[in-house]
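In the UniProt record's numbering, the protein residues as written are 1 to 275.
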């Protein structure tokens, strides 16, 4: 963003000030599903900086008194920065907040499946309900050059504070598409020549190192942490893939699965290294 002038700092006297409404009682707010509120909140210096530099319309920025405001240089004169004491930050958020920075922005509606870009590799999330796993997968995807994520309505909100924090703001750089009917949507993509790969432990799944890359765009589909992908989604995918693992660990105990975010990292790396 272009600097539009010096920062305007406004010291807030009361946490009841209506200008702070976006940040009130953050801990008590229920964690919603995908894109179910009008705005979102981020916390911490780095993610606040990334939000300011993003295309999301800013609503408000709050900073703890004594913090280095030069890190908000990208904000320029677009809006005032509200300054609160640490105790006020704690009262406002509803917990012992120590990250120093809060910011809110308007959401942008996710695209439809018809908006799918033929990127070499994309990520799809179906019934992913753990915020930390979701954030970790998005961060890994971003690190590997992936910029498009498809998500179904039963997954947790990627713009929740925890998912955003774990992703280190990578959520902000993704193109988000809604998968309202995941199985049907995968078949629609297949009709366009998109190859979908369902991550599964099924006995007939193909080892990921046997999947040869070609010019067709690919989508890796990851599922629920405990239950995996629904059967109908696996059946709708072009192929079912798995990660080859040793039959037993060094202590003689069988290891038959990985954390979903770890599995996604391995699968995405294998797919993107061939691009």
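Where a beta carbon is used, it is the ideal one built from N, C-alpha and C, also for glycine.
- Counting only residues of its own chain and dropping the five nearest sequence neighbours on each side, residue 130 has a CB closer than 8 angstroms to the CB of 156, 225, 260.
- The shortest C-alpha to C-alpha distance from residue 11 to any of 204, 139, 89 is the one to 89.
- Contact between residue 177 and residue 112 is confirmed by a C-beta separation of about 7 angstroms, below the 8 angstroms threshold.
- Proximity to residue 57 across 87, 220, 125, 172 peaks at 172, based on C-alpha coordinates.
- Per the coordinates, the alpha-carbon of residue 212 lies some 22 angstroms from the alpha-carbon of residue 116.
- Here residue 124 has 150, 219, 221 as same chain residues with Cβ atoms under 6 angstroms from its own Cβ, once five neighbours each way along the sequence are excluded.
- Classified as exposed, residue 73 has fewer than 16 neighbouring CB atoms from the shown chains inside 10 Å of its CB.
- Ranked by Cα distance from residue 152, the first of 242, 67, 223 is 223.
- When beta bridges are read from the DSSP output, residue 101 appears opposite 63.
- Using a 10 angstroms sphere on the CB of residue 109, the tally of other CB atoms stays under 16, which defines it as exposed.
- In terms of Cβ geometry, residue 166 and residue 132 form a close pair [threshold 8 angstroms].
- In the structure shown, residue 263 falls within a helical segment according to DSSP collapsed to helix, strand and coil.
- Going by DSSP, residue 47 is part of the alpha helix (DSSP H) stretching over 45-53.
- Residue 9 and residue 258 have their alpha carbons spaced roughly 48 angstroms apart.
- In the three-state reduction of the DSSP assignment, residue 180 falls in the coil class.
- Taking C-beta atoms under 8 angstroms as the contact rule, residue 268 and residue 141 qualify, at a distance of about 6 angstroms.
- DSSP, reduced to helix, strand and coil, places residue 200 outside both helices and strands of the structure shown, so it counts as coil.
- Taking the Cα of residue 161 as reference, the smallest distance to any Cα among 6, 39, 7, 228 is reached at 39.
- Residues of the same chain with a CB within less than 7 angstroms of the CB of residue 95, apart from the 5 flanking positions on each side, are 27 in chain order.
- Residue 81 and residue 210 have their C-alpha atoms spaced approximately 53 angstroms apart.
- Annotated three-state conformation of residue 71 is helix, per DSSP.
- The beta-carbon separation of residue 164 and residue 71, rounded to 18 angstroms, does not stay under the 8 angstroms limit for a contact.
- For residue 6, the CB contacts under 7 angstroms within the same chain, skipping 5 residues up- and downstream, are 77 in chain order.
- Residue 82 has 10, 62 as its beta-bridge partners, per DSSP.
- The C-alpha of residue 208 is placed about 7 angstroms away from the C-alpha of residue 270.
- Counting along the chain, the unbroken alpha helix (DSSP H) around residue 134 starts and ends at 131-143.
- If you compare the alpha carbons of 197, 59, 87 with that of residue 121, the shortest gap goes to 197.
- The C-alpha of residue 195 is placed about 8 angstroms away from the C-alpha of residue 189.
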